[in-house]
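Heads up, the thing below is written out as structure tokens.
Chains as they are written, first to last, in full-length UniProt numbering: chain A, 1 to 202; chain B, 1 to 202.
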């Protein structure tokens, strides 16, 4: 095989992987976490189940890849050079967007709940890293925008884990009782409390 | 059977139920969510598995009863006549206490994650009710203590769902990375932000 052929095969495999992830997202959107079986995803993307297992050896690893892809696609829209307040407002839009994709939020919540049950769970390392990165990134964004203290009084490294906790915790309440819980309004109230919204509207 | 015999049997069944719940808590503390099988709990309490199934027809229903019992026992220590600020500080102590009972927190997080996956999950109705009650109770406590606005600026019914979201979200981060996340300190920072701690130290 020539180098060009190898490059072509790698690109083809990458394309196929992306097609599987898009198909999995569609299946999740339509049928939720439980309905997103490997069989359903394989059928959607026109693969046999062994063919799908070649790319993703288990349902858990496929779902981890779906959640990674969502993070990648969601943040791709955010210019890295923009100011921190803009990125916090983007986060508010993201909460609103999540309210329109219930199956994906359900999948996230169910998988993170499974992952805490043991160090051998295939998603645990992904989530540990994801939260560790998220705390570091939010701390950095908040420090760049507000310096040592946010207007509400917290330091950036106090605010970051709370910001993430509020996002996760509101999703649980909203999934269980969408009529009673308005995720976007509740998250905006939390940003008001941090004092980041006053800053943004200056 | 006489009325006295029937009463005696009901009391005996109630005692047996409580003994099963205590045994289940011990097993959860030692072995975590996954280790808390019906077989392990039956063995601990000296019942056959069919004997245990007579009281709790499934692992999910046993775990729901364990979480209900925890809520009951945790709040039994709080005099209902005490002021709201005292109850918020009790909540801070409860977060600290939870940091010493990892298996139970893991069980809560795993079961709530499962419960959002479908209306037919045996724990979904329990959690929906639990969150609905918790939002109402916290709103009432905060309104009694602070009136229409908390010192930090939120209304009681804005603060209540956020308070619960922070509790749940911090548990997730702490379960995944106990070295990196100090639940008690983070929760105290959130109470500072709400402004309830200033009030309490007056």
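Beta carbons: idealized from backbone N, C-alpha and C, even for Gly. Just so it is clear, the structure is predicted and the values come from calculations on it, not from any experiment.
>> Can you look up residue 161(B) in the DSSP assignment and give me helix, strand or coil?
In response: helix
> Name the chain A residues whose beta carbon is nearer than 8 Å to that of residue 193(B)?
Replying inline: 152, 153, 154, 162, 193, 194
>> Against residue 28(A), what residues of chain B qualify as contacts under a CB-to-CB distance less than 9 Å, listed in chain order?
In response: The premise fails here: residue 28(A) is roughly 11 Å from chain B at the closest Cβ pair, so nothing lies under 9 Å.
> Of all the options 183(A), 172(A), 194(A), which has the alpha carbon lying nearest to the alpha carbon of residue 163(A)?
Replying inline: 194(A)
> Shortest alpha-carbon distance to residue 33(B) belongs to which of 40(B), 93(B), 107(B), 16(B)?
Replying inline: 107(B)
>> Does the contact criterion of 3 or more C-beta pairs under 8 Å hold for the region 17–31 of chain B versus the region 43–62 of chain B?
In response: yes
> Does any C-beta atom of chain A lie closer than 9 Å to the C-beta of residue 186(B)?
Replying inline: yes
> In chain order, what residues of the same chain lie with their CB nearer than 6 Å to the CB of residue 150(A), ignoring the 5 residues before and after it?
Replying inline: 159, 194, 195
> Run through DSSP, which three-state label would residue 182(A) get?
Replying inline: coil
>> Can you confirm whether the region 172–180 of chain A touches the region 109–128 of chain B when touching is taken to mean that 3 or more C-beta pairs between the two stretches lie within less than 8 Å?
In response: yes
> Using the rule of at least 16 other Cβ atoms within 10 Å of the residue's Cβ for burial, across every protein chain shown, is residue 154(B) buried or exposed?
Replying inline: buried
>> Assuming residue 66(A) is part of the alpha helix (DSSP H), what are its boundary residues?
In response: 59–76
>> Along the chain, where does the alpha helix (DSSP H) containing residue 211(A) start, and where does it finish?
In response: Outside the shown range of chain A (1 to 202) lies residue 211(A), about which nothing can therefore be said.
>> Check for me: the alpha helix (DSSP H) holding residue 149(B) runs from which residue to which?
In response: Residue 149(B) -> no alpha helix (DSSP H), and no H or E assigned at all.
>> Please identify the residue among 24(B), 114(B), 185(B), 197(B) whose C-alpha is closest to the C-alpha of residue 176(A).
In response: 114(B)
>> Report the CB separation of residue 99(B) from residue 60(B) in whole angstroms; it is logged as a contact under 8 Å.
In response: Between residue 60(B) and residue 99(B) the Cβ distance is about 25 Å, and since that is not below 8 Å, they are no contact.
> Of all Cβ atoms in chain A, is any one closer than 9 Å to the Cβ of residue 167(B)?
Replying inline: yes
>> Cβ closer than 8 Å: which chain B residues qualify as neighbours of residue 147(A)?
In response: Correct list: empty, because the minimum Cβ distance to chain B is about 17 Å.
> Between which two residues does the alpha helix (DSSP H) harbouring residue 50(B) extend?
Replying inline: 49–55
> Which of the three DSSP states, helix, strand or coil, is assigned to residue 1(B)?
Replying inline: coil
>> Helix, strand or coil for residue 258(B)? Go by DSSP, reduced to three states.
In response: Nothing can be reported for residue 258(B), as the shown portion of chain B is limited to 1 through 202.
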